[in-house]
Structures are given as structure tokens and as C-alpha cells.
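**Student:** Here you go, one structure.
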Amino acid sequence: MAQPPHKADFKKIIEWLAYILKCPICGYRYNLEQTKIIDSKENIPPVGANLLVHTDCERCKSSVVFSIAIDGPEIFSVGMVTDLTSSDTSKFKNTSALNSDDVLAMHQFLEGFSGDFRTALSK
Ligand SMILES: [Zn+2]
Numbered sequence: 100m101a102q103p104p105h106k107a108d109f110k111k112i113i114e115w116l117a118y119i120l121k122c123p124i125c126g127y128r129y130n131l132e133q134t135k136i137i138d139s140k141e142n143i144p145p146v147g148a149n150l151l152v153h154t155d156c157e158r159c160k161s162s163v164v165f166s167i168a169i170d171g172p173e174i175f176s177v178g179m180v181t182d183l184t185s186s187d188t189s190k191f192k193n194t195s196a197l198n199s200d201d202v203l204a205m206h207q208f209l210e211g212f213s214g215d216f217r218t219a220l221s222k
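Numbering-wise, the working numbering comes out as the position in the sequence shown, counting from 1, plus 99.
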């Protein structure tokens, strides 16, 4: 009889990541509350997963997105400093990429823009 596929335990993984991941800017060790999985994909078999993790550093206030690939016993991680907060990451996660119409609309907006950001942003 076939075994059910092994489910990666993301809660355990995130606990472990919070323990090993450090802020690349100041070296501060993240804690669990500042570490969120923003995207995940399991790869079966072998046991593995791809994770996108967002962290906010408590000490220097920088945010980093880590791309983490788990392939059996091997773990690869790449960190990128980002301006996105964790709420931005969920906000922009399901929006489509900018296209040429968006760029043209911005161009047209800027042509008639008075420079008054307060009015423009309160619309
Ligand atoms: Zn830091």
C-alpha cells in the first residue's frame, strides 16, 4: 500500500528558521512574531519545500524576504532587503504586474501634476 506523501510541517520549519535566521543588516536574531511565511510550495518526493519568508528586524527596522528551498537534508536560502512591510507583501501578492498601460497612465498623470502630493494622495 502506498504511503501518504510526507507533509512538510511549516510551523516547525518557521520555528527553526526563526532560530537560525539573522538580520543581514545588523546581525540581530529574528523572533517568531517577526517572521511570516508569505508563500509556500511543497515538493513531493523527495521531502522538500520552497518558502518565501518575510522578516522585520526588531532592532534596525529593516525588512528582508528570504527565499528558502528545502531539498531533503539540504537547505538553501537567499535573502533580499526589501521596502515591503509584511502587510504590503500580502497586499501585493495577488495583484498583477505593472504593464505598459499603467506606465502611460502614470506619464499622463505626471504631465498635469501640480506637485501637491497631499491632494493627489488623498483622492
Ligand atoms: Zn537588523
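The beta carbon of each residue, even a glycine, is placed where N, CA and C say it ideally should be.
For ligand 1, list every residue whose C-beta falls under 6 Å from any of its heavy atoms, going in chain order.
**Tutor:** Listed by chain position, these are C122, I124, C125, Y127, C156, R158, C159, S161.
**Student:** Kindly provide the ranges of any beta strand (DSSP E) runs that are 3 or more residues long and lie completely inside the segment 138 to 207, ordered along the chain.
**Tutor:** Complete beta strand (DSSP E) runs here, min 3: 147 to 155, 162 to 170, 173 to 181.
**Student:** What residues in its chain sit with their C-beta under 8 Å from that of K121, if we drop five residues either side in the sequence?
**Tutor:** Locating residue 121 in the sequence shown gives position 22, counting from the first residue. Y127, R128, Y129.
**Student:** How many angstroms separate the CA atom of T218 from the CA atom of G211?
**Tutor:** Here residue 218 refers to the residue found at position 119 when the sequence shown is read from its first residue. Here residue 211 refers to the residue found at position 112 when the sequence shown is read from its first residue. When rounded, the distance between both Cα atoms is 13 Å.
**Student:** If you drop the 5 nearest sequence neighbours on each side, which residues of the same chain put their C-beta closer than 6 Å to that of D155?
**Tutor:** Within the sequence shown, residue 155 is the residue found at index 56, counting from 1. Answer for D155: Q133, S162, listed in chain order.
**Student:** Skipping 5 residues on each side, what residues in its chain have a beta carbon closer than 6 Å to that of T181?
**Tutor:** One-based indexing of the sequence shown puts residue 181 at position 82. Only S162, V164 meet the Cβ criterion.
**Student:** Measure the alpha-carbon distance for L131 versus K222 and round it to whole angstroms.
**Tutor:** Counting from 1 along the sequence shown, the entry for residue 131 is found at position 32. Counting from 1 along the sequence shown, the entry for residue 222 is found at position 123. Between L131 and K222, the alpha-carbon positions lie close to 37 Å from each other.
**Student:** Throw me the rounded Cβ distance for the S176 and S185 pair, which I believe falls under 8 Å.
**Tutor:** As a working mapping, residue 176 is identified with position 77 in the sequence shown. As a working mapping, residue 185 is identified with position 86 in the sequence shown. Between S185 and S176 the Cβ distance is about 18 Å, and since that is not below 8 Å, they are no contact.
**Student:** Taking 6 Å as the limit between beta carbons, can you name the residues of its chain near G178, skipping five residues before and five after?
**Tutor:** The sequence position of residue 178 within the sequence shown is 79, counting from 1. So the list reads P123, V163, F165, once near-sequence residues are dropped.
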